[in-house]
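In my numbering, the protein residues as written are 10 to 343. The C-beta atom is built at its ideal place from N, Cα and C for all residues, glycine as well.
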Amino acid sequence: MITRTVSKNPRTTRGDLVNDLQRAGTKVTKANISNTLRRQGLKSCSARRVPLLKPVHVRAHLKFAREHLDDPEEDWENVIWSDETKIELFGKNSTCRVWRRKNAELHPKNTIPTVKHGGGNIMLWGCFSAKGPGRLIRVKERMKGAMYREILSKNLLPSARALKMKRGWVFQHDNDPKHTVRATKEWLRKKHFKVLEWPSQSPDLNPIENLWRELKIRVAQRQPQNITALEEICMEEWAKLPGTRSMTKKKRDVEQDSVRFLYKFPSCQLGDPRGREHGSEREKKKKGTVLFRQVKSSEMHYILPHCLMCTISHVGMSCDYSSTVLLIAAETRG
10 MITRTVSKNP
20 RTTRGDLVND
30 LQRAGTKVTK
40 ANISNTLRRQ
50 GLKSCSARRV
60 PLLKPVHVRA
70 HLKFAREHLD
80 DPEEDWENVI
90 WSDETKIELF
100 GKNSTCRVWR
110 RKNAELHPKN
120 TIPTVKHGGG
130 NIMLWGCFSA
140 KGPGRLIRVK
150 ERMKGAMYRE
160 ILSKNLLPSA
170 RALKMKRGWV
180 FQHDNDPKHT
190 VRATKEWLRK
200 KHFKVLEWPS
210 QSPDLNPIEN
220 LWRELKIRVA
230 QRQPQNITAL
240 EEICMEEWAK
250 LPGTRSMTKK
260 KRDVEQDSVR
270 FLYKFPSCQL
280 GDPRGREHGS
290 EREKKKKGTV
300 LFRQVKSSEM
310 HYILPHCLMC
320 TISHVGMSCD
330 YSSTVLLIAA
340 ETRG
């Protein structure tokens, strides 16, 4: 009964279960509840925060996943990924564990000083490919379409040359309004840049998010004391970030580090583009399932988009780049 209840409603508390069992004539304690659930492989965890997806986003994510599922690794080696990020001077860029005695949590050596609003911050634009990081620049003003185009004109092509990208390389950026405004699209077209079509509400799909996390951890470890030092350290640590390992080896690492499947979701539950909620049994078998695997993020500083083609968020889940593990989705076919 206990396992069945929490399977139906994962937000059920131990107190709720104790009361339910008492009404059924069984006396148990919260410890009994915890032990029973633990034996079934269940433990209490904080619910992950994920982007709120509308049906149109879900369909777009799944369409993107299916279109690129079989793309060869060489295609992804030829993509330049880009994004902006904010880094705070005293922000919570990384966690810190300390050894302390009971009731010593407020001793100065066991605490991390914080200030309101992070003590100031800087905005950065950067890009990278499978061969390593491209240029990183500080955005000192509020970025609008004209400024974004100026950033690309001064940094995108030099980054591609420095990274020795092959002919026909592809540029990726998200659907921020300044990226998709008509003037920016026209500028990219005139420059003959190929742009990767990108589904909206897909923060978990861009592998540069892992690069940002690595940068923020390294910067926090050096403890900059002012904005000038913060910018200098960001540039220094960015330059030290290594290039990725070969795509083949990285893909093999994903397979070797895949410890267990976490969930299985019928992909037919995601909705049909023609407006039907669920397909027939025959369609369900044809569409297959979405499988989730757990991968050590410490081994994966730059996560291959090939491993994310089924996008975690299209089934209502999301990567948490601040955690020690990364969930990777892959689609199987019936």
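By alpha-carbon distance to W134, the top candidate from G128, A155, N164 and R110 is N164. Shown here, P142 sits in a strand according to DSSP, grouped into three states. Using a Cβ-Cβ distance cut-off of 8 Å, the segment 211–229 and the segment 114–132 are not in contact, since fewer than three pairs of beta carbons, one from each stretch, lie closer than that value. Going by beta carbons, F180 and V204 fall inside the 7 Å limit. With respect to the 7 Å criterion, E245 and L224 are not classified as neighbours on the basis of their beta carbons. S138 is not a Cβ neighbour of I217, given a cutoff of 7 Å. Counting only the Cα atoms, T21 lies some 15 Å from T38. Scanning the segment 168–231 from its first residue to its last, the whole alpha helix (DSSP H) runs of 4-plus residues come out as 186–189, 191–199 and 217–231. The residue from L46, N41, I96 and N112 with its alpha-carbon nearest to that of V15 is L46. For the options L250, R144 and F99, the alpha carbon positioned closest to that of I131 is the one of F99. Proximity of the segment 152–169 to the segment 189–204 meets the contact definition, three or more beta-carbon pairs being nearer than 8 Å. With 16 or more other CB atoms across the displayed protein chains lying within 10 angstroms of its CB, P142 is buried.
C-alpha of E240 to C-alpha of Q49: approximately 49 Å in a straight line.
Note on geometry: alpha-carbon atoms of E83 and P208 lie some 22 Å from one another. Taking the Cα of E206 as reference, the smallest distance to any Cα among L220, I226, N219 and D185 is reached at D185. I236 sits in a helix when the DSSP states are folded into three classes. Contact check for S91 and C54: beta-carbon distance about 33 Å, past the 8 Å limit, so the pair fails to qualify.
Taking C-beta separations shorter than 7 Å and ignoring five residues to either side along the sequence, the partners of W196 in its chain run R158, following chain order. Take M174, set aside five residues on each side of it, and the residues of its chain with a beta-carbon closer than 7 Å to its own are N87, I89 and S138, in chain order. Note that the C-beta distance between P233 and I226 is not below 7 Å.
Around the Cβ of H70, a 10 Å sphere holds 16 or more other Cβ atoms; the residue is buried. For T94, the uninterrupted beta strand (DSSP E) run begins and ends at V88 to E97, by DSSP.
The beta carbon of K249 is closer than 8 Å to those of R227 in its chain, skipping five residues each way along the sequence. Around the C-beta of V107, fewer than 16 other C-beta atoms lie within 10 Å, and the residue is accordingly described as exposed.
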